[in-house]
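Asks:
In my numbering, the protein residues as written are 137 to 383.
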């Protein structure tokens, strides 16, 4: 089963806020949970780096990417009160993520109706190839293959802030992000096999495969369940079945 770690940016007590009462840590907690629900409804394991009352440091958050296919950190931005738009940072150590960061940024900008500021990297001062953001550095050290830090809107801009204060809008944004994440997962299965799509084998073939490997009869008998839920979620059931056997 594909796995995504979601980081709700900041935590209780953080002062990042908009001019009319939006707090970044509250908005991003809500967005992270909507994204978690959206991914789980599509058959993806989605987890959060923290509980609502917690505020771990950025390195600790990034380390929770260990064993996950995607790490995505949710933030809203601030500048001069005039800037608007969405941008997504990716790791200097994951140059292939530029295309996905661009897709995440474009999807968020379209959902919010604001400018697409695109895919970006940021250097630690005085270095040539070290990421600025601690959570990106930490997540990259775990071996997680896809790492993103999303800045969705500028909460010090009245127009972006008003959009972010709507729960329905945050659900819309979470769905837009989930769509792109599903594309990423489909393109990056560990064995090079696409995860998403229609089944390419019959249930009987899945059972024959398991039988040849001396699987327990209960595992053989449950193959139709994998077929059913694979079709419902859009994830190839034979891939789920094989991954379950491996685990």
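Just so it is clear, CB atoms sit at the ideal spot from N, CA and C, and this is done for glycine as well.
Give the secondary structure of residue 198 by DSSP, where H, G and I count as helix, E and B as strand, and everything else as coil.
Replies: As a working note, residue 198 is residue 62 in the chain shown. Note: residue 198 maps to helix in three-state DSSP.
Asks: What does the alpha-carbon distance come out to for the pair residue 388 and residue 343?
Replies: It is not possible to answer for residue 388, since the shown part of the chain is limited to 137 through 383.
Asks: What did DSSP end up calling residue 368 once you bin it into helix, strand or coil?
Replies: Numbered from its first residue, the chain shown carries residue 368 at position 232. Residue 368: helix per DSSP, three-state reduction.
Asks: What whole-angstrom Cβ distance do residue 238 and residue 219 have, given they're in contact under 8 Å?
Replies: Counting from one through the chain shown, the residue named residue 238 turns up at place 102. Counting from one through the chain shown, the residue named residue 219 turns up at place 83. At roughly 19 Å, the Cβ-Cβ gap does not stay under 8 Å, so residue 238 and residue 219 are not in contact.
Asks: Tell me which same chain residues have a C-beta within less than 8 Å of the C-beta of residue 281, skipping the five on either side of it?
Replies: As a working mapping, residue 281 is identified with position 145 in the chain shown. Only 205, 206, 230, 324 meet the Cβ criterion.
Asks: For residue 240, which residues of its own chain have a beta-carbon under 7 Å away from its beta-carbon, when the five flanking residues on both sides are left out?
Replies: To locate residue 240, count along the chain shown from 1; it is residue 104. Same-chain partners within the cutoff: 224, 284, 286, 313, 316.
Asks: Please list the terminal residues of the continuous alpha helix (DSSP H) segment that includes residue 246.
Replies: Numbered from 1 along the chain shown, position 110 holds the residue referred to as residue 246. Residue 246 -> alpha helix (DSSP H) spans 234 to 248.
Asks: Which of the three DSSP states, helix, strand or coil, is assigned to residue 290?
Replies: Taking the first residue of the chain shown as position 1, residue 290 is located at position 154. The answer is strand: DSSP assigns residue 290 an E or B state.
Asks: Kindly indicate which residue of 173, 320, 364, 362 has the alpha-carbon position closest to the one of residue 138.
Replies: Indexing the chain shown from 1 puts residue 138 at position 2. Ranking the options by Cα distance to residue 138, first place goes to 320.
Asks: What residue from 298, 197, 140, 190 has the CA that sits closest to residue 149's CA?
Replies: Sequence index remark: in the chain shown, residue 149 carries index 13 (1-based). For residue 149, the nearest C-alpha among the options comes from 190.
Asks: Evaluate the contact criterion for the region 260 to 275 versus the region 240 to 251: three or more CB pairs, one atom per stretch, below 8 Å.
Replies: With a cut-off of 8 Å, the region 240 to 251 and the region 260 to 275 do not count as touching, because too few Cβ pairs lie within range.
Asks: Can you tell me the Cα-Cα spacing of residue 290 and residue 337, whole angstroms?
Replies: Here the question's residue 290 lines up with position 154 in the chain shown. Here the question's residue 337 lines up with position 201 in the chain shown. For residue 290 and residue 337, the distance between alpha carbons rounds to 48 Å.
Asks: What whole-angstrom Cβ distance do residue 303 and residue 156 have, given they're in contact under 8 Å?
Replies: Position 167 of the chain shown, counted from the first residue, corresponds to residue 303. Position 20 of the chain shown, counted from the first residue, corresponds to residue 156. In fact, because the Cβ distance is near 16 Å, the residues do not count as touching under 8 Å.
Asks: Under 9 Å between the Cβ atoms of residue 257 and residue 212?
Replies: By 1-based counting over the chain shown, the position of residue 257 is 121. By 1-based counting over the chain shown, the position of residue 212 is 76. Contact flag unset, no.
Asks: With DSSP run on the structure shown, which of helix, strand or coil describes residue 355?
Replies: By 1-based counting over the chain shown, the position of residue 355 is 219. Residue state, collapsed to three classes: helix.
Asks: Have a look at 160, 245, 147, 152 and flag the residue whose alpha-carbon is nearest the alpha-carbon of residue 301.
Replies: Working through the chain shown from its first residue, we reach residue 301 at position 165. For the residues 160, 245, 147, 152, the minimum Cα distance to residue 301 belongs to 160.
Asks: Helix, strand or coil for residue 139 per DSSP?
Replies: In the chain shown, the residue the question calls residue 139 occupies position 3. In this structure, residue 139 counts as strand in the three-state DSSP scheme.
Asks: How about residue 182 and residue 171: do their beta carbons lie closer than 9 Å?
Replies: By 1-based counting over the chain shown, the position of residue 182 is 46. By 1-based counting over the chain shown, the position of residue 171 is 35. In this structure, residue 171 lies closer than 9 Å to residue 182 by Cβ.
Asks: On a Cα-Cα basis, can you pick out the residue from 305, 274, 162 that is closest to residue 246?
Replies: In the chain shown, the residue the question calls residue 246 occupies position 110. Per the Cα distances, 305.
Asks: Let me make sure I understand the geometry here. Which of 235, 222, 201 has the alpha-carbon closest to that of residue 276?
Replies: Walking along the chain shown from the start, residue 276 turns up at place 140. Residue 276 has its Cα closest to that of 201, out of 235, 222, 201.
Asks: What is the DSSP secondary structure of residue 206, counted as helix, strand or coil?
Replies: As a first step, residue 206 is located in the chain shown; it is residue number 70 there, counting from the start. The answer is strand: DSSP assigns residue 206 an E or B state.
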